[in-house]
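150 is the number that this note's numbering gives to position 56 of the sequence shown; each next residue is one higher, with no gaps.
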Amino acid sequence: MAFHGIPLMLAALVFAACTSPETGRTRGGSAGADIGNRGKFIQMHEGSRPFENTPKKIPAKPPPLDSASQADRLSRQ
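In structure tokens:
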């Protein structure tokens, strides 16, 4: 007779595990998680040049191409 209660108890545990703990959490006076608690306009990267004012510690110059030119020249012989 006790075996009839085990599937029922197991089903109750499965359904209880499906509820999200985030639904009851509040953040900043409104609902938590990510259910739309943000403003109308979202600014993701503040423009298309995120590294515009980053100091350049490595001088920008092209790499030496002498060895590449030599390899190209030798491969075409």
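Glycine is no exception: its CB is placed at the ideal position from the N, C-alpha and C atoms. This structure is a prediction, so every number in the text was calculated from the model and none was measured.
Sequence-distant residues of its chain with Cβ nearer than 6 angstroms to residue i (five each side left out)
i: Asn147; result: none
Contacts around residue i, its chain only, beta-carbon distance under 8 angstroms, and the 5 residues preceding and following it disregarded
i: Leu168; result: none
Any non-hydrogen atom of the ligand GTP within 7 angstroms of residue i CB
i: Arg170; result: As presented, the structure is devoid of all ligands, the ligand GTP included, so that no description of it is given.
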